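What follows is a set of notes on a single structure, which appears directly below.
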Amino acid sequence: MTSLANSMRNGPDERGHFGIFGGRYVAETLMPLILDLEQAYKDAKADPAFAAEIEHLNKHYTGRPSPLYFAERLTEHLGGAKIYFKRDELNHTGSHKINNCLGQILLAKRMGKTRIIAETGAGQHGVATATVCARFGLPCVVYMGATDVERQKPNVFRMKLLGAEIVPVTAGAGTLKDAMNEALRDWVTNVDDTYYLIGTAAGPHPYPEMVRDFQSVIGAETREQMLEAEGRLPDALVAAVGGGSNAIGLFHPFLDDENVKIYGVEAGGRGLDGEEHCASLTAGKPGVLHGNRTYLLQDDDGQILEGHSISAGLDYPGIGPEHSWLKEIGRVNYVPIMDDEALAAFQMLTKVEGIIPALEPAHALGHVIKLAPTMSKDQIIVMNLCGRGDKDVFTVGNMLGFDL
Amino acid sequence: MTETRIDRRFKACADQGRPALVTFITAGDPDLETSQAILNALPAAGADVIELGMPFSDPMAEGIPIQLATQRALAAGQTMEKTFQMVRRFRETDQDTPIILMGYYNPIYIRDPKKFVVDAREAGVDGLIVVDIPPEADDELCIPALEAGVNFIRLATPTTDDKRLPAVLANTSGFVYYVSVTGITGSSNLNATNVSSAVARIKSHTDLPVAVGFGVKTADDAAAIGKNADGVVVGSVLVSAIRDSLDDAGKATDKTVAAVTDLVASLAGGVARARGV
């Protein structure tokens, strides 16, 4: 067995730790369920039929592999490194979230669970969960902050069409963390029949590992496609991080390739000076929330702060524990992009490439816009274009002063 | 560990042939001064053991009543230091009633768990209940607490089967807190018969007292649960009584302290007759 010292891809340890991060910090009622889940996931991973079923669905239901697209006009426009997009926004349901949902719903079925619950911020994970529940005929309850219900109406309607029950959560600021609290309260109450389908690479072990594994199809495909297109690995990877599932999915297969620089882009909101941002890695401190130890936005007394981002999908005060570890060991550079920079990037991509991105990858693009001109023309950047922007056109329209 | 206030209090109640009444309030609810007055008045009203909630912004295991109590306390400016201060002031007049701090790990973690348990002990705290730190992480908080002379009380639940129970009980001290339902605090599915057999199951694994909570609302509930349990925990109805006593602006009134103490007195009547007729 390769030790952790020789590879950065072997985490977590048997107790779910990435360095000091991760772990399992949940109420006793949930502990036996989490241990069951861990065992069920181990068994599934060892079963070739499980992998084969995911692969089949990825290909025929989601539409994988997603293209690796050379953005020629944007590359010219920025005048530096060649820019490629991993186009997970072309997936069925419009984002990378489906990769994880398919894996987990197959696991839920293996475990004999008959009811699915989920939390959602932007609604992308809620839509993907409602989609797989429809596909597999399971009832679905989605917890969504009341604020997010308001600003993501198109996704709320999509989930309802798909047959899901949406529960608006009014506690706190009514955003993703409050939705996650409420989903945990549901789970602890309905332990016998319910599977909690977490949408990001966070939460108690084994969720961070499991979600990463299901999302790593992004990075694995990218590696293969890049070798085919350019005959070599890229010089830099860029992805947005909220909880961090699309980013860890792209990054993980490249962690041991030391010549590949990796950038995770956090939501800088209205700036890092106050509390109106969601840059937990850049401006937070380690703490324990939602089952794992990780970087959190919190005050000096350990109360969790609400944060702010123009993007509902990045509006979370925590981050997946593996990202906290990758920051600590210096493997990944985490940088903030502000609301206005993301908005400018959103418009640039739309006009220059004819692709309307979601506001989440618009943050990643905000960093690409800064990075590409500093690199030479024979260098290569791959950015994860993890979601499409249909859901955001109303938000952006309001910000730009259009009367929609 | 040497004998603690918690050990002594459970023994004293057992000697009186009744279960202990364990009462929960959130520190700083609805404001620091009123909360202190409620805390100081609890023993005379009939509380044998006091759980003092450390407010946390994300109380994942709480139902609406304690969520709201937490929000009231935080809005009034409650901090961990103020919670310690409440315990110090309580100890000026009461050296016998055990106080247990109950809450979530993050506000402890940010202060450094080893320093936290020493500060808590010095303030006069006797025990800790921390909802989101399972036995698998005992080295982080439970062991330092025991070393500082603070009991660490663990929750056992309906999902804690016989295979897992020994791990849950291993470093538990003071008492075992049996959560009567799978669910959040203040639920309404209390079933005295199921609870009774669960308590018997736990007692077959440990000599520690077993207290039962989550869903106890009335003196009759307390009497029914207390027939077999060594302690009955009441929380959500007490903080709901606080809420109901507030004025339209959410401020304490001259009825607030009595709203809690009257209810505690009634519940104390319940535990007093639990083993009687």
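Heads up: the protein sequence lines correspond to chains A and B, in order.
What the first sequence shows, in full-length UniProt numbering, is residues 1 to 404, in sequence order.
What the second sequence shows, in full-length UniProt numbering, is residues 1 to 277, in sequence order.
Don't be surprised by glycine CBs; every beta carbon is placed ideally from N, CA and C.
These numbers come from a predicted model, not from an experiment.
Assign residue i to one of two classes, buried (16 or more other C-beta atoms within 10 Å of its C-beta) or exposed (fewer than that).
i                    : result
methionine 1(A)      : Its pLDDT being 43, under 50, methionine 1(A) is placed unreliably by the model, and the measurement read from it follows with that caveat. It is exposed - the Cβ of methionine 1(A) has fewer than 16 other Cβ atoms within 10 Å.
glycine 77(B)        : exposed
serine 204(B)        : exposed
serine 3(A)          : At serine 3(A) the pLDDT is 49, less than 50, meaning the model places this residue with poor confidence and gives no usable figure here.
glutamine 16(B)      : exposed
phenylalanine 157(A) : exposed
isoleucine 20(A)     : exposed
leucine 74(A)        : buried
arginine 88(B)       : exposed
asparagine 398(A)    : exposed
threonine 70(B)      : buried
histidine 56(A)      : exposed
serine 173(B)        : buried
alanine 14(B)        : exposed
glutamate 209(A)     : buried
glutamine 95(B)      : exposed
phenylalanine 402(A) : exposed
aspartate 13(A)      : exposed
proline 206(A)       : buried
asparagine 259(A)    : exposed
aspartate 262(B)     : exposed
histidine 60(A)      : exposed
lysine 377(A)        : exposed
Can you list the residues of chain A that residue i reaches, using a CB-CB cut of under 8 Å?
i               : result
glutamine 85(B) : None at all; the shortest Cβ gap to chain A is about 14 Å.
glutamine 67(B) : Ala171
valine 168(B)   : Glu28
Please list, in chain order, the chain A residues whose beta carbon lies closer than 7 Å to that of residue i.
i               : result
aspartate 58(B) : Lys177, Asn181, Leu289 and Ile304
leucine 74(B)   : Gln303
Which residues mark the beginning and the end of the alpha helix (DSSP H) in which residue i is found?
i                    : result
glycine 270(B)       : 256–272
phenylalanine 116(B) : 113–123
tyrosine 41(A)       : 31–45
methionine 399(A)    : 393–399
leucine 74(A)        : 72–78
leucine 371(A)       : 359–371
alanine 219(B)       : 219–226
valine 233(B)        : No alpha helix (DSSP H) contains valine 233(B), which is instead part of the beta strand (DSSP E) from 231–234.
tyrosine 177(B)      : Here tyrosine 177(B) belongs to no alpha helix (DSSP H); instead the beta strand (DSSP E) covers 176–179.
Which residues in chain A sit within 9 Å of residue i, going by Cβ to Cβ distance?
i              : result
alanine 156(B) : Glu28
Ends of the beta strand (DSSP E) at residue i?
i                 : result
lysine 86(A)      : 82–86
glycine 24(A)     : For the sequence presented, residue 24(A) should be read as arginine rather than glycine. Element bounds for arginine 24(A): 21–25.
valine 22(B)      : 20–26
asparagine 355(A) : Before going on, a small fix: residue 355(A) reads as isoleucine here, not asparagine. Isoleucine 355(A) -> no beta strand (DSSP E), and no H or E assigned at all.
asparagine 384(A) : 380–384
proline 100(B)    : Note on identity: in this sequence residue 100(B) is isoleucine, with proline being the wrong assignment. Residues 99–103.
Closer than 8 Å by beta-carbon distance: list the chain B residues that pair up with residue i, in chain order.
i                : result
proline 32(A)    : Thr159, Thr160, Asp161 and Arg164
glutamine 298(A) : Asn106 and Ile110
Give the interface partners of residue i over in chain B, defined as CB-CB distance under 7 Å, in chain order.
i               : result
cysteine 184(A) : Correcting the residue type first, residue 184(A) is leucine in the shown sequence and not cysteine. Within chain B, the residues near leucine 184(A) are Met60.
What alpha helix (DSSP H) runs, 4 residues minimum, are completely inside the stretch 135–170 of chain B? Within the stretch 135–170 of chain B, complete alpha helix (DSSP H) segments of at least 4 residues are found at 142–147 and 165–169, given in chain order.
4 or more residues per run - each alpha helix (DSSP H) lying fully within the stretch 99–166 of chain A: 124–136, 146–151 and 153–161
For the stretch 173–187 of chain B, list every residue whose C-beta sits within 9 Å of some C-beta in chain A, in sequence order. Val179, Val181, Thr182, Gly183, Ile184 and Ser187
At a CB distance below 7 Å, what residues from the stretch 77–109 of chain B approach chain A? Give them in sequence order. Thr79, Met80, Tyr105, Asn106, Pro107 and Tyr109
Where are the alpha helix (DSSP H) runs, 4 residues long or more, that stay fully inside the stretch 278–320 of chain A, in chain order? Entirely contained in the stretch 278–320 of chain A, the alpha helix (DSSP H) runs reaching 4 residues are, in chain order, 280–283.
Residues of the stretch 189–204 of chain A in Cβ contact with chain B at a cutoff of 7 Å, in chain order, please. The stretch 189–204 of chain A vs chain B, Cβ under 7 Å: Thr189 and Val191.
Alpha helix (DSSP H) runs contained entirely in the stretch 245–282 of chain A, provided each spans 4 or more residues: 245–251
Relative to chain A, which residues along the stretch 113–135 of chain B have a C-beta separation below 8 Å, given in chain order? Val131, Asp132, Ile133 and Pro134
Using a Cβ-Cβ cut-off of less than 9 Å, give me the residues of the stretch 221–244 of chain A that come near chain B, in sequence order. none
Quick one, which residues of the stretch 8–29 of chain A are near chain B if we go by CB-CB under 7 Å, in chain order? Arg15, Gly23, Arg24, Tyr25, Val26, Ala27, Glu28 and Thr29
Please give me, in chain order, every unbroken run of the alpha helix (DSSP H) with length at least 4 that falls completely inside the stretch 321–345 of chain A. DSSP runs (the alpha helix (DSSP H)) wholly in the stretch 321–345 of chain A: 321–328.
Any beta strand (DSSP E) of 3 or more consecutive residues that is wholly inside the stretch 21–96 of chain B: 49–53
Return the chain-ordered ranges of every alpha helix (DSSP H) run that is complete within the stretch 190–232 of chain A and spans a minimum of 4 residues. 207–215 and 217–230
At a CB distance below 8 Å, what residues from the stretch 137–154 of chain B approach chain A? Give them in sequence order. If the cut-off is 8 Å between Cβ atoms, the stretch 137–154 of chain B has Ala137 and Arg154 near chain A.
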